[in-house]
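J.: For the protein sequence lines, the chains are A and B, in the order given.
Residues 1 to 250 in UniProt numbering are what the first sequence lists, from first letter to last.
Residues 1 to 250 in UniProt numbering are what the second sequence lists, from first letter to last.
The beta-carbon is built from N, C-alpha and C at its ideal position, and this holds for glycine as well.
A quick note: this is a predicted structure, and the numbers were derived from the prediction, not measured.
Protein chains: 2
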Amino acid sequence: MKRVKLTVAYDGTNYCGWQVQPNGITVQEVLNRHLSELTGETIETIGASRTDAGVHALGNVAVFDTSMRMPGEKFSYALNQRLPEDIRIQKSEEVPLDFHPRYRDSEKTYEYRILNRRFPVPTERFYSHFTYVPLDVEKMRQAAAFLEGEHDFQSFCGAGAQVKSTVRTILDTEVKREGDRITLRIRGNGFLYNMVRIISGTLMEIGAGNYPPEHILEILQAKNRKAAGPTAPARGLTLVGIVYKEKETL
Amino acid sequence: MKRVKLTVAYDGTNYCGWQVQPNGITVQEVLNRHLSELTGETIETIGASRTDAGVHALGNVAVFDTSMRMPGEKFSYALNQRLPEDIRIQKSEEVPLDFHPRYRDSEKTYEYRILNRRFPVPTERFYSHFTYVPLDVEKMRQAAAFLEGEHDFQSFCGAGAQVKSTVRTILDTEVKREGDRITLRIRGNGFLYNMVRIISGTLMEIGAGNYPPEHILEILQAKNRKAAGPTAPARGLTLVGIVYKEKETL
Numbered sequence: 001m002k003r004v005k006l007t008v009a010y011d012g013t014n015y016c017g018w019q020v021q022p023n024g025i026t027v028q029e030v031l032n033r034h035l036s037e038l039t040g041e042t043i044e045t046i047g048a049s050r051t052d053a054g055v056h057a058l059g060n061v062a063v064f065d066t067s068m069r070m071p072g073e074k075f076s077y078a079l080n081q082r083l084p085e086d087i088r089i090q091k092s093e094e095v096p097l098d099f100h101p102r103y104r105d106s107e108k109t110y111e112y113r114i115l116n117r118r119f120p121v122p123t124e125r126f127y128s129h130f131t132y133v134p135l136d137v138e139k140m141r142q143a144a145a146f147l148e149g150e151h152d153f154q155s156f157c158g159a160g161a162q163v164k165s166t167v168r169t170i171l172d173t174e175v176k177r178e179g180d181r182i183t184l185r186i187r188g189n190g191f192l193y194n195m196v197r198i199i200s201g202t203l204m205e206i207g208a209g210n211y212p213p214e215h216i217l218e219i220l221q222a223k224n225r226k227a228a229g230p231t232a233p234a235r236g237l238t239l240v241g242i243v244y245k246e247k248e249t250l
Numbered sequence: 001m002k003r004v005k006l007t008v009a010y011d012g013t014n015y016c017g018w019q020v021q022p023n024g025i026t027v028q029e030v031l032n033r034h035l036s037e038l039t040g041e042t043i044e045t046i047g048a049s050r051t052d053a054g055v056h057a058l059g060n061v062a063v064f065d066t067s068m069r070m071p072g073e074k075f076s077y078a079l080n081q082r083l084p085e086d087i088r089i090q091k092s093e094e095v096p097l098d099f100h101p102r103y104r105d106s107e108k109t110y111e112y113r114i115l116n117r118r119f120p121v122p123t124e125r126f127y128s129h130f131t132y133v134p135l136d137v138e139k140m141r142q143a144a145a146f147l148e149g150e151h152d153f154q155s156f157c158g159a160g161a162q163v164k165s166t167v168r169t170i171l172d173t174e175v176k177r178e179g180d181r182i183t184l185r186i187r188g189n190g191f192l193y194n195m196v197r198i199i200s201g202t203l204m205e206i207g208a209g210n211y212p213p214e215h216i217l218e219i220l221q222a223k224n225r226k227a228a229g230p231t232a233p234a235r236g237l238t239l240v241g242i243v244y245k246e247k248e249t250l
């Protein structure tokens with residue numbers, strides 16, 4: 001028996017998110033099915049991040065256990081032969097049997113893309129949020145900086161989340177404009193339900209001039225979802241990658 | 001009566017190219033239909049570039065004549081309300097009645113995108129050509145430079161083209177690598193059928209080390225399609241834009 005870690009990229013457009021659910025096809029379900037066919041075992045993967053419907057990933061992480069005698073690094077090739085074009089394993093490797101993708105210290109990086117111009121660009125419609133309202137990136141950058149560090153992010157937590165604590169640490173933020181493309185990058189040790197999308201929606205309101213950058217502090221203090229801006233659309237969001245810290249240092 | 005020029009962006013994935021044809025839906029056909037509905041007239045647009053099935057555009061150009069009393073610049077807004085999400089007018093403007101998008105001096109810019117890494121990235125699968133064969137961009141750049149200037153591009157002309165002359169001028173070329181993304185940009189005063197895709201396919205063979213960069217000169221001299229490399233897939237190609245030179249200088 002061995003545990004294999006998969007780094008999974010997907011186009012979330014046609015999926016009801018990552019996690020298996022009764023009302024629609026999910027990335028995890030497709031992965032489980034092809035892994036079960038490949039191994040001849042009943043495989044249920046454990047995922048690191050339960051991305052929402054329409055959210056994309058370059059590097060989500062999942063693990064599974066198998067008795068199949070295939071070297072860990074070969075699973076990427078074998079799976080990519082079977083998976084649909086909108087899911088591609090980027091890497092597979094054997095990990096210790098106690099490696100759990102959620103109960104481990106990790107850093108996740110998310111990217112939210114905004115297309116800010118007069119009219120939408122068809123080839124980017126599934127991978128960025130379009131707005132013609134001119135956004136001031138400098139203001140968004142200032143506002144994002146207020147989010148760095150350890151804070152209670154309850155105001156940025158979507159309804160329906162079941163968590164003990166809404167305290168999280170954002171390690172760094174970056175807001176960049178290249179022509180009419182704005183990219184927001186956030187790295188943190190954990191994110192609440194819809195947190196990056198609510199942050200993105202709030203930063204867009206600040207970029208549009210509806211509130212000054214310092215308004216972020218009031219939102220944090222309010223500890224109330226209604227104090228923050230709208231949840232930005234899923235299509236703009238990509239889970240870029242997850243880095244795990246070493247557990248053992250000998 | 002006035003003539004209106006449209007700058008049209010589209011995702012070519014789901015179209016049988018630009019030009020109206022009996023065997024499938026085309027961008028021009030969809031445009032004609034919505035323009036006819038909008039104006040209450042029978043509109044047939046004239047396009048600048050007859051892009052192939054699967055090829056994308058950021059700035060193809062089309063003109064049409066109408067008696068509708070709407071200012072030229074308003075057609076973009078009115079059309080975008082009606083068009084499907086994969087076609088978006090970027091600009092509309094009134095032009096002189098004798099403005100013809102093909103019989104005018106113009107410069108076209110095409111971009112061919114290659115994703116060069118171990119495994120494909122699902123979110124880019126419709127907008128770039130994937131290859132895991134490592135490509136040497138410096139060799140591709142040297143090879144591309146040999147194509148600049150006026151040449152007989154018969155070796156780079158797809159079968160079935162009906163043209164009087166296969167002489168064209170390439171104004172400049174650029175081959176750029178950013179991480180695992182390679183972008184080839186070509187600007188010229190006119191392109192033969194499949195020319196940019198055959199150039200891209202040939203440059204990829206040179207980048208892979210199958211031929212030295214100077215081999216491009218032999219291909220040009222051969223004046224034979226068989227001397228060049230394969231036609232690169234349509235999905236990697238985008239018509240970036242068309243710039244028209246002023247006709248009248250007073």
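1. Suppose only complete runs of 4+ residues qualify. What are the alpha helix (DSSP H) ranges in the UniProt domain "Pseudouridine synthase I TruA alpha/beta" (8 to 103) of chain B, listed by chain order?
2. For V175 (chain B), write down the residues that DSSP places opposite it in a beta bridge.
3. For a cutoff of 8 Å on Cβ pairs, would you count P233 (chain A) as touching chain B?
4. Please name the residues in the stretch 108 to 127 of chain A whose beta-carbon is closer than 7 Å to at least one beta-carbon of chain B, in chain order.
5. Given that Y10 (chain A) touches chain B, what residues does it touch there, using C-beta distances under 9 Å?
6. Contact between the stretch 79 to 96 of chain A and the stretch 55 to 62 of chain B is defined here as three or more beta-carbon pairs at a separation below 8 Å; is this criterion met?
7. How many Å lie between N219 (chain B) and A228 (chain B) at the Cα?
8. By how many angstroms is the C-alpha of T42 (chain A) removed from the C-alpha of S36 (chain A)?
9. Identify whether S155 (chain A) lies in helix, strand or coil by the three-state DSSP scheme.
10. Quick one: measure Cβ to Cβ for L6 (chain A) and I89 (chain A), integer angstroms, because I've assumed they're closer than 8 Å.
11. Spatial neighbours of P101 (chain B) within its chain, please: C-beta separation below 7 Å, excluding the five flanking residues on both sides.
12. Which residues of chain A have a Cβ atom closer than 7 Å to the Cβ of N224 (chain B), listed in chain order?
13. Give a yes or no on whether 8 Å exceeds the smallest Cβ distance from S76 (chain A) to chain B.
14. Any C-beta of chain A sitting closer than 8 Å to the C-beta of L38 (chain B)?
15. For N80 (chain B), would you say it is in contact with chain A, using Cβ-to-Cβ distances shorter than 8 Å as the test?
16. Taking only beta-carbon atoms, is L58 (chain B) less than 8 Å away from chain E?
17. Going by other Cβ atoms of all chains shown within 10 Å of its Cβ, with 16 needed for buried, is R168 (chain A) buried or exposed?
18. With 8 Å set as the bound, which would you pick, yes or no: does the beta-carbon of I198 (chain A) sit closer than that to a beta-carbon of chain B?
19. Could you tell me how far apart the beta carbons of T166 (chain B) and L192 (chain B) are, in whole angstroms, since I believe they sit closer than 8 Å?
20. For R33 (chain B), which residues of its own chain have a beta-carbon under 8 Å away from its beta-carbon, when the five flanking residues on both sides are left out?
21. Short check: CB of Y127 (chain B) to CB of R113 (chain B), under 8 Å?
22. Output yes if chain A places a C-beta closer than 8 Å to the C-beta of R141 (chain B); else output no.
23. Taking just the CA atoms, how far does R118 (chain B) sit from E73 (chain A)?
24. Would you report the Cα separation of M1 (chain B) and R50 (chain B), rounded to the nearest angstrom?
25. Where do the ends of the beta strand (DSSP E) carrying R113 (chain B) lie?
26. When DSSP labels each residue in this structure, what does K139 (chain A) get in the three-state scheme?
27. Could you check if N23 (chain A) is buried or exposed, using at least 16 other CB atoms within 10 Å of its CB as the buried criterion?
28. Check for me: the alpha helix (DSSP H) holding L220 (chain B) runs from which residue to which?
T.: This is what the structure holds:
1. Counting only runs of 4+ residues, the alpha helix (DSSP H) found wholly inside the UniProt domain "Pseudouridine synthase I TruA alpha/beta" (8 to 103) of chain B occupies 27 to 39, 75 to 82, in chain order.
2. V175 (chain B) is bridged to B:L184.
3. No, its Cβ sits nowhere closer than 8 Å to a Cβ of chain B.
4. Hits within the stretch, in order: F119, P120, V121, P122, T123, R125, Y127.
5. Those within 9 Å of Y10 (chain A) in chain B are P122, T123.
6. Segments in contact, no.
7. The identity of residue 219 (chain B) in the sequence shown is Ile, whereas the question assumes Asn. So the two alpha carbons sit approximately 6 Å from each other.
8. The straight-line gap from Cα to Cα measures roughly 5 Å.
9. In the displayed model, S155 (chain A) falls within a helix according to three-state DSSP.
10. With a contact defined as Cβ atoms closer than 8 Å, L6 (chain A) and I89 (chain A) qualify at about 5 Å.
11. Sequence-distant Cβ neighbours of P101 (chain B) in its own chain, meaning closer than 7 Å and more than five residues away, are I46, G47, A48, V61, A62, V63.
12. Residues of chain A whose Cβ lies closer than 7 Å to the Cβ of N224 (chain B) do not exist; the shortest such Cβ separation is about 34 Å.
13. So yes, S76 (chain A) belongs to the interface.
14. So no, L38 (chain B) is outside the interface.
15. True, the Cβ-Cβ gap to chain A drops below 8 Å.
16. No chain E is part of this structure, whose protein chains are labelled A and B.
17. Classification of R168 (chain A): buried, given that the 10 Å Cβ count is 16 or more.
18. When Cβ-Cβ separations below 8 Å define contact, I198 (chain A) makes no contact with chain B.
19. Rounded, the Cβ-Cβ distance is 6 Å, consistent with contact.
20. Correct list: empty, nothing qualifies.
21. Yes. Within cutoff.
22. Interface residue (Cβ-Cβ distance to chain A less than 8 Å): R141 (chain B) is not classified as such.
23. So the two alpha carbons sit approximately 13 Å from each other.
24. Rounded to whole angstroms, M1 (chain B) to R50 (chain B) spans 26 Å at the Cα level.
25. In the DSSP assignment, R113 (chain B) falls within the beta strand (DSSP E) that extends over 106 to 116.
26. When secondary structure is reduced to three states using DSSP, K139 (chain A) falls in the helix class.
27. Per the 10 Å Cβ criterion, exposed.
28. Run containing L220 (chain B): 215 to 222, per the alpha helix (DSSP H) assignment.
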